Amino acid sequence: MNPLMGFYRSHCIKIVLLIVALFILCELLIYHIVLIQCNWPKLDPNKADPSIDSDEKELRALLLADTHLLGPRRGHWFDKLRREWQMYRAFQTAMTLHKPDVVFVLGDLFDEGLWCSDYEFNTYIERFNSLFYVPNRTKLYVVVGNHDIGFHYGITPYLHKRFSEAFGSPSVRLLTIAGNHFVLINSMAMEGDGCFLCRPAEIQLSNITKRLKCAKGLGTCPKGLELKQYSRPILLQHFPLYRESDEECNEPDEAPEDEKRHKFRERWDSLSKESTLMLLESLNPRVVITGHTHHGCRRYHDGFNTHEYTLPSFSWRNKDNPSYMLYG
Numbered sequence: 306m307n308p309l310m311g312f313y314r315s316h317c318i319k320i321v322l323l324i325v326a327l328f329i330l331c332e333l334l335i336y337h338i339v340l341i342q343c344n345w346p347k348l349d350p351n352k353a354d355p356s357i358d359s360d361e362k363e364l365r366a367l368l369l370a371d372t373h374l375l376g377p378r379r380g381h382w383f384d385k386l387r388r389e390w391q392m393y394r395a396f397q398t399a400m401t402l403h404k405p406d407v408v409f410v411l412g413d414l415f416d417e418g419l420w421c422s423d424y425e426f427n428t429y430i431e432r433f434n435s436l437f438y439v440p441n442r443t444k445l446y447v448v449v450g451n452h453d454i455g456f457h458y459g460i461t462p463y464l465h466k467r468f469s470e471a472f473g474s475p476s477v478r479l480l481t482i483a484g485n486h487f488v489l490i491n492s493m494a495m496e497g498d499g500c501f502l503c504r505p506a507e508i509q510l511s512n513i514t515k516r517l518k519c520a521k522g523l524g525t526c527p528k529g530l531e532l533k534q535y536s537r538p539i540l541l542q543h544f545p546l547y548r549e550s551d552e553e554c555n556e557p558d559e560a561p562e563d564e565k566r567h568k569f570r571e572r573w574d575s576l577s578k579e580s581t582l583m584l585l586e587s588l589n590p591r592v593v594i595t596g597h598t599h600h601g602c603r604r605y606h607d608g609f610n611t612h613e614y615t616l617p618s619f620s621w622r623n624k625d626n627p628s629y630m631l632y633g
């Protein structure tokens, strides 16, 4: 063999092996290296909710928001492929490492859900179920976001029904898991104008409030709807509770400084003051977890002893440092 040809062949093999090694590191192993550093929070016995039976199994929940799967109208095909691959690897690695009991996705699953045809919507569902596949041991629940069906005045009964039936996600829902009560809410149904969307949501919310109060020993329970025990609920929704801006948010994944000064519009960037007060007073949640802003934030509602967490977007298209939340 020509020595020069042998030299080139040897170097070509080394280059190919290097490229393969880089691909394995950057597209597979890096997710494990980074995410293995995330741990479930250690429970402080002094801060445990005494109303939850100590014999109950510890619940581990993984939460994320704003996946914004791209549709046919916005975004380049390669951008779509790249972002979905990143979310797929991050999510499946998290599932392998953390093994959560339940996963909650807090709205804006899709980027073009409010515009897409039925065919496109069904394609969306298939992609979502493929990217965010969970094993049989894990339950997955979603709440709806404005990109899934539109903002309040753009929502039609058809869009609402299509999403609700596809994901088993009504406007208001109570889930009890391992002694924890989760209230899942459609933020766009909190307008308070008595429309086809809001009025049924208000009735459902009122019924849940009665059930929680009954479990606490206040009032009477509707037959067959009694809760085994009371604990302050965990409120999950897409919009954050009312706040003027993100200026008070100081988290590693907070908004850039110029965005933090942007004043929020009620019913667009956050819930209204009235809806926020209504939810805090009626449900008295211990924790509120939301999305929508694409940036992280942590707040404390002193008058209600309620902690609120806003999760950053899970998509690299919206956030340079996307993340998820481990709640347990």
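In my numbering, the protein residues as written are 306 to 633.
We put the beta carbon where it would ideally sit given N, CA and C, even for glycine.
Just so we're clear, the structure is a prediction, and the values are computed from it rather than from any experiment.
(message) Would Lys444 and Val407 qualify as a contact pair, given that the criterion is a beta-carbon distance under 7 Å?
(response) yes
(message) With three or more beta-carbon pairs closer than 8 Å as the criterion, would you say the stretch 453 to 469 touches the stretch 379 to 388?
(response) no
(message) Please report the distance separating the alpha-carbon of Asn623 from that of Glu531.
(response) 42 Å
(request) Report the three-state DSSP secondary structure of Leu419 (helix, strand or coil). (result) If DSSP states are grouped into helix, strand and coil, Leu419 belongs with coil.
(request) May I have the straight-line CA-CA distance separating Ile335 from Gly601, to the nearest angstrom? (result) 23 Å
(message) Taking 8 Å as the limit between beta carbons, can you name the residues of its chain near Tyr605, skipping five residues before and five after?
(response) Thr611, His612, Glu613
(message) With a threshold of 8 Å on Cβ separation, who are the neighbours of Ser511 within its own chain once the five nearest residues in sequence on each side are excluded?
(response) Once the five neighbours on either side are set aside, the close Cβ partners of Ser511 are Ser587.
(request) Count the other C-beta atoms from every protein chain shown that fall within 10 angstroms of the C-beta of Pro350, then say buried if there are 16 or more, exposed otherwise. (result) exposed
(request) Could you pull out every unbroken alpha helix (DSSP H) segment of at least 4 residues lying fully inside the stretch 320 to 349, listed in chain order? (result) Runs of the alpha helix (DSSP H) inside the stretch 320 to 349: 335 to 340.
(request) Could you work out which residue in Phe472, Thr598, Ala399, Asp558 is closest to Asn434 when comparing CA atoms only? (result) Phe472
(request) Just mark Asp423 as buried or exposed, buried being the case when its beta carbon has 16 or more other beta carbons within 10 Å. (result) exposed
(message) Using DSSP's beta-bridge definition, name the partner residues of Thr615.
(response) Thr595, Cys602
(request) Give a yes or no on contact between the stretch 482 to 494 and the stretch 533 to 541, applying the rule of three or more CB pairs nearer than 8 Å. (result) yes
(message) For Arg467, which residues in the same chain have their Cβ closer than 7 Å to its Cβ, ignoring the five residues on either side in sequence?
(response) Phe426
(request) Can you have a look at Asn626 and say buried or exposed, based on whether 16 or more other CB atoms are within 10 angstroms of its CB? (result) exposed
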